[in-house]
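**Q** Questions regarding the structure given below will be posed in turn.
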Amino acid sequence: MEIKQLNEALADPKQCSRLLKSLFKIADAMNARKLSHNSMMDRVLHVVLDYLGVEQGSLMVLARNKLVVRAATRPEIIGHKQTLTDDSVAAWVVRHAKPLFIPDISKDRRFAKREGIYKKDSLLSAPVIHKDQVIGVINATDKAGSKDLLKDDITYLLYFSSFILWTFIQQNLHKKITDQRNTLNKRNRELRHQQEMRSHLNRMLMHDLKTPLSEVVANLDILSYSINGEQKEFLESAQMGCDRAVRMVANLVTTDKMADGKQQLLYEETDCRSLLGEAISSIKGLARIKRIELRQQQADTDCPMITVDRTLILRVLQNLLTNSLSYTDPDTAITIGFNMAGKNHIEFFVQDQGPGIPPAQQESIFDKYARISSKQDALVGTGLGLHFCKLAVELHNGRIGVESTEGKGSRFFFKLPIK
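According to this note's numbering, the residues represented by the sequence shown are 2 to 420, in order.
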């Protein structure tokens, strides 16, 4: 019956024109980017009421088993809530999931008496349904002029309710997106605060570690002049342990600076052979204790001087050597050297005879706090050594990588541009 009535209305050119104009207005409201959802619902409601020729009405949304007024001709009732057990017309429509036309509500004992602010007693109420579930209600009353609402008007109200459905869906999606955005923003703020706290704690710890480490290193240096024989070996072990602790603290400090973009490079012309020699000299005691031979491979051709931050690149070589020592068995060898890589780059490398690195780990070993192996080694690290190397090399516009075969060792390399 309702489809037949709608078809009859659409057959009337004037009625059809009015309906299309109303639909265009609803579409404009729904597509207005600067319009808030509440304003959009208010505009849609007024389009529907204008078409029906009524003076009062409201749009209600079902939220947590309560009907909430989201748009109304009477602004004071916006936000008002009704339970589904109320003896109201809207609650009845939700419970029965069907529209309701009441010619004279003053004579309908199913509902509570309305306040004396309405001009007429006829009213319409229709459900807004999505996936067989009522999600809202649209109400209309007080027909303008001398006429009253007719039962046929409910057909148009139902027709409009299908378009109103999209405003409800948009509002629901907007709420979900807003809630998710707020949750993410809150979580991001918490994470930033935690990161700031960790960075602050790291800086405090590193600052507090520097002084006692410096004192230990100085005292061990003084002792080295008065100790001979077997005790000298123990002293050297203590000195190497302190040197490694100092490098770890330096790695922590510099890694944070490089990650924050605050590390300033102090460029100087550097000879590659002297750089390798100093790197080997700094860890040869550790290699001797582990019975690992350090070999310096001579370059195939003469290498020009390079302009780098010498301290940073030296620490890169030291970290790569220390890393190889950590995973190389006694009575083996580690080879360190350099070669020209094309005309404009030089490649440094450290090659060991360790267990090798699984292919799945070769991409992630340069990540922060990553460890190459789960092997319990006497040399316990922070997992920052290789990450420091990556940051330092990339800060020089270079590239670092690894070539490895399980059971056959690894070859770490980094390429730097020749300036």
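Beta carbons are placed, not taken as given, at the ideal position from N, Cα and C, and that holds for glycine.
Since we're looking at a predicted model, the values are computed, not measured.
Give the straight-line distance between the Cα atoms of residue 54 and residue 88, rounded to the nearest whole angstrom.
**A** Here the question's residue 54 lines up with position 53 in the sequence shown. Here the question's residue 88 lines up with position 87 in the sequence shown. If you take the alpha carbons of residue 54 and residue 88, they lie about 27 Å apart.
**Q** Who are the near neighbours of residue 404 in its chain, counting only those whose CB is closer than 6 Å to its CB and skipping five residues on each side?
**A** Your numbering for residue 404 matches position 403 in the sequence shown. Result list for residue 404: 412, in chain order.
**Q** Could you tell me whether the Cβ atoms of residue 286 and residue 241 are closer together than 8 Å?
**A** Numbered from 1 along the sequence shown, position 285 holds the residue referred to as residue 286. Numbered from 1 along the sequence shown, position 240 holds the residue referred to as residue 241. The beta carbons of residue 286 and residue 241 sit closer together than 8 Å.
**Q** Measure the C-alpha to C-alpha separation of residue 327 and residue 200 and round it to an integer number of angstroms.
**A** Your numbering for residue 327 matches position 326 in the sequence shown. Your numbering for residue 200 matches position 199 in the sequence shown. Whole-angstrom Cα-Cα distance: 27 Å.
**Q** Go through its chain and collect everything with a Cβ distance to residue 375's Cβ below 6 Å, but skip five positions before and after it.
**A** Here residue 375 corresponds to residue number 374 of the sequence shown, with the count starting at 1. Bear in mind that the predicted position of residue 375 carries a pLDDT of just 48, short of 50, making it unreliable; the figure below should be weighed with that in mind. Excluding sequence neighbours, residue 375 sits near nothing in its chain.
**Q** Let me know the secondary structure DSSP gives residue 331 once reduced to three states.
**A** Indexing the sequence shown from 1 puts residue 331 at position 330. Coil, per DSSP.
**Q** Grab the span of the beta strand (DSSP E) containing residue 404 for me, first residue to last.
**A** Here residue 404 refers to the residue found at position 403 when the sequence shown is read from its first residue. Residue 404 -> beta strand (DSSP E) spans 400-405.
**Q** Our contact map puts residue 221 next to residue 239 with C-beta atoms below 8 Å; I'd like the distance itself, whole angstroms only.
**A** As a working mapping, residue 221 is identified with position 220 in the sequence shown. As a working mapping, residue 239 is identified with position 238 in the sequence shown. About 6 Å separates the two Cβ atoms, so the contact holds.
**Q** Could you tell me which of 139, 119 and 354 sits nearest to residue 337, measuring between CA atoms?
**A** Position 336 of the sequence shown, counted from the first residue, corresponds to residue 337. Nearest of 139, 119 and 354 to residue 337, Cα basis: 354.
**Q** Starting from residue 286, trace the alpha helix (DSSP H) both ways and give me its first and last residue.
**A** As a working mapping, residue 286 is identified with position 285 in the sequence shown. Under the DSSP assignment, residue 286 falls in the alpha helix (DSSP H) whose first and last residues are 273-290.
**Q** For residue 42, I'd like the list of residues in its chain whose CB is within less than 6 Å of its CB, leaving aside the five on either flank, ordered along the chain.
**A** Within the sequence shown, numbered from 1, the residue matching residue 42 stands at position 41. The answer, listed in chain order, is 60, 71, 72 and 168.
**Q** Is residue 228 helix, strand or coil by DSSP?
**A** Mapped onto the sequence shown, residue 228 falls at position 227. Residue state, collapsed to three classes: coil.
**Q** Using a 10 Å radius around the Cβ and a threshold of 16 neighbouring Cβ atoms, would you call residue 1 buried or exposed?
**A** This structure cannot speak to residue 1, because the chain is shown only from 2 to 420.
**Q** Closer than 7 Å by C-beta to residue 317: which residues in its own chain qualify, once you throw out the five before and the five after it? Chain order, please.
**A** For the purposes of this step, residue 317 is taken as residue 316 along the sequence shown, with counting starting at 1. Here the set comprises 390, 393, 394 and 415.
**Q** Mind listing, in chain order, the continuous beta strand (DSSP E) runs of no fewer than 3 residues lying wholly within the region 289-319?
**A** 294-298 and 307-310
**Q** How long is the line joining the alpha carbons of residue 14 and residue 184, rounded to whole angstroms?
**A** Start at 1 with the first residue of the sequence shown, and residue 14 comes out as number 13. Start at 1 with the first residue of the sequence shown, and residue 184 comes out as number 183. Distance between the alpha carbons of residue 14 and residue 184: 51 Å.
**Q** For residue 107, which of 101, 97 and 124 has the nearest alpha-carbon?
**A** Translated into the one-based positions of the sequence shown, residue 107 becomes position 106. Here the closest residue by C-alpha is 124.
**Q** Should the region 89-109 be regarded as contacting the region 120-135, the criterion being three or more beta carbon pairs within less than 8 Å?
**A** With a cut-off of 8 Å, the region 120-135 and the region 89-109 count as touching, because enough Cβ pairs lie within range.
**Q** What separation, rounded to the nearest whole angstrom, lies between the Cα atoms of residue 359 and residue 269?
**A** Within the sequence shown, numbered from 1, the residue matching residue 359 stands at position 358. Within the sequence shown, numbered from 1, the residue matching residue 269 stands at position 268. Each residue's CA atom was taken as its position, placing residue 359 and residue 269 some 37 Å apart.
**Q** Suppose the cutoff is 8 Å on Cβ atoms and the five residues either side in sequence are ignored; what does the same chain contact list for residue 424 look like?
**A** An answer regarding residue 424 cannot be provided, because it is not within the stretch 2 to 420 covered by the chain.
**Q** Does residue 421 pass the burial test, meaning 16 or more other C-beta atoms within 10 Å, or should it be called exposed?
**A** In the structure as shown, the chain begins at 2 and stops at 420. Residue 421 is therefore absent and cannot be evaluated.
**Q** Among the residues of its own chain, which have a CB less than 8 Å from the CB of residue 345, if the five just before and after it don't count?
**A** Walking along the sequence shown from the start, residue 345 turns up at place 344. Cβ neighbours of residue 345 beyond the five flanking positions: 418 and 419.
**Q** Between which two residues does the beta strand (DSSP E) carrying residue 50 extend?
**A** Start at 1 with the first residue of the sequence shown, and residue 50 comes out as number 49. Note, residue 50: premise wrong, no beta strand (DSSP E); alpha helix (DSSP H) at 38-53.
**Q** Unbroken alpha helix (DSSP H) runs of length 4 or more, entirely within the region 127-188: which are they?
**A** Counting whole runs of 4 or more residues, the region 127-188 contains no alpha helix (DSSP H) stretch at all.
**Q** Are the Cβ atoms of residue 56 and residue 145 separated by less than 8 Å?
**A** Stepping through the sequence shown from its first residue, residue 56 is reached at position 55. Stepping through the sequence shown from its first residue, residue 145 is reached at position 144. In contact: residue 56 and residue 145 (Cβ atoms closer than 8 Å).
**Q** Looking only at C-alpha atoms, which of 33, 202 and 387 sits nearest to residue 249?
**A** Against the sequence shown, residue 249 aligns to sequence position 248. Cα-wise, what sits closest to residue 249 is 387.
**Q** Going residue by residue through the region 67-128, where are the continuous beta strand (DSSP E) segments of at least 3 residues, counting only ones entirely within it?
**A** Whole beta strand (DSSP E) segments, 3+ residues: 67-73, 82-84 and 101-103.
**Q** Is the separation between the beta-carbon of residue 79 and that of residue 48 shorter than 8 Å?
**A** Reading the sequence shown from its first residue, position 78 is the one you call residue 79. Reading the sequence shown from its first residue, position 47 is the one you call residue 48. Cβ atoms of residue 79 and residue 48: not closer than 8 Å.
**Q** Judging by CA-CA distance, which residue of 111, 339 and 330 is the nearest neighbour of residue 291?
**A** Position 290 of the sequence shown, counted from the first residue, corresponds to residue 291. Of the listed residues, the one whose Cα sits closest to residue 291 is 330.
**Q** Per DSSP, which residues does residue 412 bridge with? Please list them.
**A** Reading the sequence shown from its first residue, position 411 is the one you call residue 412. For residue 412, which the question treats as bridged, DSSP gives the partners 352 and 404.
**Q** Start and end of the alpha helix (DSSP H) containing residue 391?
**A** Within the sequence shown, the letter at position 390 stands for residue 391. Taken as a continuous stretch (DSSP letters only), the alpha helix (DSSP H) holding residue 391 covers 386-396.
**Q** Count the other CB atoms within 10 Å of the CB of residue 30; is the residue buried (16 or more) or exposed (fewer)?
**A** Within the sequence shown, residue 30 is the residue found at index 29, counting from 1. It is buried - the Cβ of residue 30 has at least 16 other Cβ atoms within 10 Å.
**Q** Taking its Cβ as the centre, do 16 or more other Cβ atoms sit within 10 Å of residue 213, making it buried, or is it exposed?
**A** Against the sequence shown, residue 213 aligns to sequence position 212. Around the Cβ of residue 213, a 10 Å sphere holds fewer than 16 other Cβ atoms; the residue is exposed.
**Q** Would you mind stating whether residue 138 and residue 64 have Cβ atoms separated by less than 8 Å?
**A** In the sequence shown, the residue the question calls residue 138 occupies position 137. In the sequence shown, the residue the question calls residue 64 occupies position 63. Cβ atoms of residue 138 and residue 64: not closer than 8 Å.
**Q** Please classify residue 1: is it buried, with 16 or more other beta-carbons within 10 angstroms of its beta-carbon, or exposed?
**A** Nothing about residue 1 can be reported from this structure: the residues present for the chain run from 2 to 420 only.
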